[in-house]
Amino acid sequence: MSKVDVLLGLQWGDEGKGKIVDVMAPRYDVVARFQGGPNAGHTLEFDGIKHVLHQIPSGIFRETTKNVIGNGVVLDPIVFRAELEKLQKYNLNVHENLFISKKATLILPSHKLLDMAYEKSKGDNKIGSTLKGIGPAYQDKVGRQGLRVGDILADNFKERFKTLTAIHLRILDDHDITYDWDDLEKQFFDSVTLLKEFKLIESEYFLNRELKNGSTMLAEGAQGSLLDIDFGSYPFVTSSSTVTAGACTGLGIAPRYIGEVFGIFKAYSTRVGSGPFPTELQDEEGERMRRQGNEFGSTTGRPRRCGWIDLPSLKYSIMINGVTQLLMMKADVLDVFPVIKVCTGYRLKDGSVTDMLPFELVHEKITPVYQELRGWNCSLAGVSENDLPPALNEYISFLEKALSVPITLISTGPDRKETVYRHPFFKQAVAG
Ligand code: GDP
Ligand code: IMO
Ligand code: MG
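Per this note's numbering, the very first residue in the sequence shown carries number 9; after that it's consecutive.
Shown next, in the form of structure tokens:
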């Protein structure tokens, strides 16, 4: 039996998961998404073209990789259809290489309306949801009334759809939301017809059979550990288990078959949406980071909040996930900063300093404690492992020491090629 490697974000999402899954995919027979849904926006860049995937795994551009949408995902057939349309011109073998779990939960048009209604009713406390229907769809799953992908094959699917959406529409009567239900319903059923053309499978059997036959497998996380439903900055989180354990439940893989855990993080921090962000910079420096990093959401286009790297939260994510290798993204964004700050601890209300994440992050102010390192003040364009600027090597060593996990990959730009490998594993990935 081979093992499943897991790649997941250690911060608040958008760490660059899509890029690295695409880079690593040639090394894997199977790439599988295990949670989240169209709230994800995973960007891949190669041959001068930028692609953003939402629900389809990021191995889809590699000819021989099997891509699986696991049972832990919430799938919106309408978004799925739009994603396929965008991919059409690249002549990918999507019908052959994409497999969808019958147990994945369906996002219905009314879930998106409910998402909007709930956010609106929260006023100033809104989560900043992507409004893709994620929360309401997972609510129905946990509330044991959701519909699943496999249900679209049942004769009475339309009836079941009407029963559930009638419940939703009654709730919406109490909210000030306008919509054209007939149009939404038509879009949904047109998209369901397309979904039926795909391989709808018992993915837990499929994946375990693949492992038994010795296939290599990469589980692709969405969002980030600090948005996890249990361990994130609740209630400003998403509704799924974004951590390694989520790969087990979201794919039907036993914990003993988890292999490497790749924890991916930006050389600084970003967050899109509301919620606590201890190292956030609300000044010119933060604005500069946003500009340099082009920090605008891949799914919603919203500006991302920016700030320095945060070691207490990274240590926490590493602990929860059992990270074995760290991948540092967007190092190039710090090219222009003469001083790089690292948050090494939090000063609490009582004056004490901790490197642990306090329970109360929302209602109590915590002040980051920074250590300053020198910047490298040069462009990382075209650098390789042996000619990294000394100040960047110091930054890497500092982080490795503080986090006690090796940094095995440095990303220096959005393109597949702008990647520096510090580990034979990745060199192999590139060699194919
Ligand atoms: P994901 O959700 O984790 O897949 O990340 P996103 O795709 O939402 O956001 C990452 C953004 O950073 C995308 O626009 C990528 O093209 C871009 N990106 C990825 N790696 C790098 C890098 O090393 N440097 C720079 N400048 N941009 C990068
Ligand atoms: P990827 O996979 C960054 C954020 C939203 C909001 C909160 C809840 O691209 O890294 P939801 O739509 O789940 O109800 O939103 O989570 N969020 C993300 N932020 N990257 C993502 O995905 C995100 N998916 C959700 O902005 O604050
Ligand atoms: Mg993203």
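All residues carry an ideal CB built from backbone N, CA and C; glycine is no exception.
Here the structure is a predicted model, which means the values were calculated and not measured.
Check: Under 5 Å from any heavy atom of ligand 3, by CB: list those residues in chain order, please.; Outcome: Asp22, Gly49, Ser306
Check: Based on the DSSP secondary-structure assignment, which residues constitute the bridge partners of Asn75?; Outcome: Val39, Leu106
Check: Keeping to the same chain, check which residues put their C-beta closer than 8 Å to that of Arg382; ignore five residues upstream and five downstream.; Outcome: Pro346, Val347, Ile348, Ala399, Glu402
Check: Which stretch, first to last residue, makes up the beta strand (DSSP E) that contains Gln442?; Outcome: Residue numbering for the chain in the displayed model covers 9 to 440; residue 442 lies beyond these limits and cannot be assessed.
Check: Taking one C-beta from the region 408-425 and one from the region 384-397 each time, how about it: are there three or more such pairs within less than 8 Å?; Outcome: yes
Check: Among the candidates Gly301, Leu226, Asp238, Arg310, whose CA atom is the shortest distance from the CA of Thr73?; Outcome: Leu226
Check: Inspect the beta-carbon positions of Leu215 and Ile261 and report whether they are closer than 8 Å.; Outcome: yes
Check: Helix, strand or coil: which one does DSSP assign to Pro346?; Outcome: coil
Check: Buried or exposed: which applies to Phe304, given that a residue is buried once 16 or more other Cβ atoms fall within 10 Å of its Cβ?; Outcome: exposed
Check: Contact between the region 241-255 and the region 62-77: three or more CB pairs below 8 Å?; Outcome: no
Check: Taking the C-alpha atoms as reference points, what is the distance between Phe270 and Val14?; Outcome: 6 Å
Check: Taking buried to mean at least 16 other C-beta atoms within 10 Å of its own C-beta, is Tyr98 buried or exposed?; Outcome: exposed
Check: Beta-carbon within less than 6 Å of Asn75's beta-carbon, same chain only, minus the 5 sequence neighbours each way: which residues are those?; Outcome: Val39, Pro65, Gly67, Ile68, Asn105, Leu106
Check: Measure the CB-CB distance between Tyr146 and Val82 and report whether it falls below 8 Å.; Outcome: yes
Check: Going by beta-carbon coordinates alone, are Pro284 and Cys351 separated by less than 8 Å?; Outcome: no
Check: What ranges does the alpha helix (DSSP H) occupy inside the region 139-203, keeping only unbroken runs of at least 4 residues that lie completely in it?; Outcome: 142-150, 165-180, 189-203
Check: Run through DSSP, which three-state label would Gly67 get?; Outcome: coil
Check: Identify whether Gln96 lies in helix, strand or coil by the three-state DSSP scheme.; Outcome: helix
Check: Tell me the residue span of the alpha helix (DSSP H) that contains Leu52.; Outcome: Premise fails: Leu52 lies in the beta strand (DSSP E), 50-54, not in any alpha helix (DSSP H).
Check: Quick one: what's Met225 bridged to in DSSP?; Outcome: Val12, Val38
Check: Kindly give me the distance between the Cβ atoms of Pro144 and Asp123, rounded to whole angstroms, as I take these residues to be in contact under 8 Å.; Outcome: 6 Å
Check: Leaving out five residues before and five after Ile328 in sequence, what residues of the same chain have Cβ atoms less than 7 Å from its Cβ?; Outcome: Ser233, Phe239, Val251
Check: If contacts are defined as beta-carbon pairs under 8 Å, then Thr332 and Val31 qualify, I think. What distance do you get, rounded to the angstrom?; Outcome: Contact doesn't hold; Cβ gap of about 18 Å is too wide.
Check: Closer than 7 Å: is that where the CB of Lys94 sits relative to any heavy atom of ligand 1?; Outcome: no
Check: Spell out the partners DSSP gives Arg313 in its beta bridges.; Outcome: Arg279
Check: Using the three-state DSSP reduction, which class does Tyr126 fall into: helix, strand or coil?; Outcome: helix
Check: Just reading off the beta strand (DSSP E) that Glu380 is part of, what are its end residues?; Outcome: 375-382
Check: Could you give the DSSP three-state label for Arg355: helix, strand or coil?; Outcome: strand
Check: List the residues that DSSP assigns as beta-bridge partners of Gly17.; Outcome: Ile272
Check: Is it the case that the CB of Ala227 approaches a heavy atom of ligand 2 more closely than 7 Å?; Outcome: no
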